[in-house]
Amino acid sequence: MTLHQRSVVDFLSVPLWSKFCEFSIRYYIKKSEVNNKINDESNKILTPSIIDNVRKNYEIATKKCAYEPFHSHILWSSFRTFELEIIDESVNSRILQLFNRQLSFPNSKIESILSEMHSYIKENKLNIIVPSSENLESSILWNELKTFEQNIINAKNISDEQKKNEELFKYWNEYIRVMESKRVKDDSTDSSSSTKATINMNQIHFISSLFERSLIDLNKMELQWLNYLEYSKNYLSEEEEEIISQRSVHNCYWSDKLWIYYLNILEKNNLYDKLIGQYECALSSGINSPIGCFTIFWNYINTIRRHLMSLNFSSNDETFQCITQIRSVFQRARKFISQTRDINKNSELERFWANLEFNLLGDLEKGRELWEIILSRYPNDNSLWKEYITLELRHQNYDKCREIYEKAIKTILRPSSLESILIDWKLFESQFGTLEQYLKSSKVIEVYYFILFFF
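Residue 66 in the numbering used here is what sits at position 56 of the sequence shown, and the numbering runs on without skipping anything.
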């Protein structure tokens with residue numbers, strides 16, 4: 011059963027859904043305690059529980075496949091065959107209801123469905139008039155949509171792969187945009203309301219079906235998955251959005267954008283243990299750009315940081331585990347970026363790490379070590395010196411601040427940067443220093459001002 015369930019998840023396939031539903035009949039019969047006592051296969055019975063479970067599967071299947079215009083008749087036929095096995099006084103009503111529901115969807119085989127319905131009515135001597143295709147709103151809609159379907163069929167026959175994908179992407183998304191602006195008939199089990207046109211959940215199902223069909227052709231196209239995810243975020247459930255996002259990274263495992271989208275959904279749903287495992291999958295999946303990998307590492311670190319903050323240091327073991335984990339990811343990210351020789355990204359990461367040590371993780375010596383490395387790369391950037399001093403100031407490490415100011419004025423060569431640091435140092439001593447410290451720093455500052463203005 012699990013294999014059948016997995017087979018219908020990745021891509022829309024009417025034959026697979028039909029086989030899944032038919033298999034479920036045999037599965038539930040075999041699983042039933044009542045039928046376990048019956049040796050003769052031909053005497054196995056459909057209990058109310060079996061009927062309910064199978065119907066649920068068929069309802070899920072029809073929701074997924076009803077808008078597939080070329081093969082959905084296979085599923086509806088299978089559904090009716092199952093219902094015919096349940097002999098009771100309402101069987102004809104149920105069969106006609108299924109016909110009416112099927113006819114409420116645009117379909118390439120409407121005439122064939124009407125003919126089959128007519129034969130059933132005649133065979134069972136029912137006093138029912140079969141509608142003509144001209145009066146069916148679904149038939150009118152199908153006539154409007156045939157152009158889009160034909161464009162897609164033509165695009166599939168293009169021999170050049172790149173050109174084919176471009177055309178398919180264009181036509182599928184044109185199709186989707188048109189359907190977003192249309193009214194779609196309500197798929198109601200009440201046949202009396204089946205002709206009523208309204209904007210309802212079926213419009214959402216129809217457009218979802220178009221996205222699903224498009225991904226049979228464009229399953230390796232990152233942009234189409236992103237389009238579908240944007241749609242799912244607005245109209246589908248959180249569970250459906252998560253499933254679509256998971257499928258997207260299985261198909262476009264090299265896309266950092268799709269991985270980030272999926273990982274953010276897992277975090278939003280508070281699936282932390284699963285999330286950490288998926289970050290590891292993302293980093294080993296073969297993302298096709300250094301910037302993409304850096305983005306995954308950056309998000310990974312922030313995910314652990316947010317989790318650590320949510321713990322509020324209430325659980326010592328889990329807190330220690332998170333701190334160890336975040337440092338390990340920093341080390342791996344640093345090693346990865348050093349291999350790319352991207353000095354700016356390396357410094358950005360080290361700066362982030364250093365600030366986290368000061369503000370959250372608590373290893374000030376590690377933070378200082380990282381800041382010394384950063385400042386050795388950018389000695390004339392006075393904003394970095396000031397940022398480092400501010401971190402020490404928050405911890406009231408006034409002597410350390412003076413030490414950094416003294417090192418800064420000896421290191422900085424750019425006059426404008428040096429002047430800015432001198433002004434800051436003087437202000438610092440006026441606020442936090444003793445009179446002796448203020449006067450001592452003022453003498454040093456005056457010397458450097460003299461050098462600035464006369465040399």
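Even for Gly, the Cβ is constructed at its ideal location relative to N, Cα and C.
DSSP places CYS262 in no alpha helix (DSSP H); its state is neither H nor E. For the pair ILE419 and ILE431, the CB atoms are nearer than the 8 Å cut-off.
Rounded to whole angstroms, LYS376 and GLU358 show a C-alpha spacing of 16 Å. DSSP places HIS128 in the uninterrupted alpha helix (DSSP H) bounded by 120 to 133. About 7 Å separates the beta carbon of ASN67 from that of PHE30, a gap short enough to meet the 8 Å contact definition. Assignment of GLY372 by DSSP, reduced to helix, strand and coil, places it in the coil class. Under the three-state reduction of DSSP output, ALA165 falls in the helix class.
When the five nearest sequence neighbours on each side are left out, the beta carbons in the same chain lying within less than 7 Å of the beta carbon of SER440 are those of TYR448, in order along the chain. When secondary structure is reduced to three states using DSSP, ASN63 falls in the helix class. At the C-beta level, GLU382 and LEU374 stay beyond 8 Å of one another. C-alpha of GLU93 to C-alpha of MET211: approximately 25 Å in a straight line. Residue burial is scored here from C-beta neighbours: GLU95 has fewer than 16 other C-beta atoms within 10 angstroms and is therefore classed as exposed.
Assignment of SER142 by DSSP, reduced to helix, strand and coil, places it in the coil class. Residue environment analysis places MET231 among the buried positions, since at least 16 neighbouring C-beta atoms fall within 10 angstroms of its C-beta. In the structure shown, the three-state DSSP call for PRO389 is coil.
When only Cα atoms are considered, ILE253 and ASN390 end up about 50 Å apart. Using a Cβ-Cβ distance cut-off of 8 Å, the region 172 to 181 and the region 226 to 242 are in contact, since at least three pairs of beta carbons, one from each stretch, lie closer than that value.
The continuous alpha helix (DSSP H) containing GLN341 extends over residues 326 to 350. By the criterion of a C-beta distance shorter than 6 Å, LEU401 is surrounded in its chain by PHE368, once the five residues flanking it on both sides are discounted.
The Cβ atoms of TRP27 and VAL18 lie closer than 8 Å to each other. Of all alpha-carbon atoms in ASN326, ASN279 and LEU273, the one lying nearest the alpha-carbon of TRP308 is that of LEU273. Between GLU249 and SER242, the C-beta gap is not smaller than 8 Å, which leaves the two residues out of contact.
A straight line joining the alpha-carbon of SER142 with that of ALA76 spans about 20 Å. When TYR408, VAL457, LEU462 and GLU456 are compared, the shortest CA-CA separation from PHE438 is found for TYR408.
Where ASN117 is concerned, there is no enclosing alpha helix (DSSP H), because DSSP gives it neither an H nor an E. With respect to ILE301, LEU318 sits apart: the two C-beta atoms are not nearer than 8 Å.
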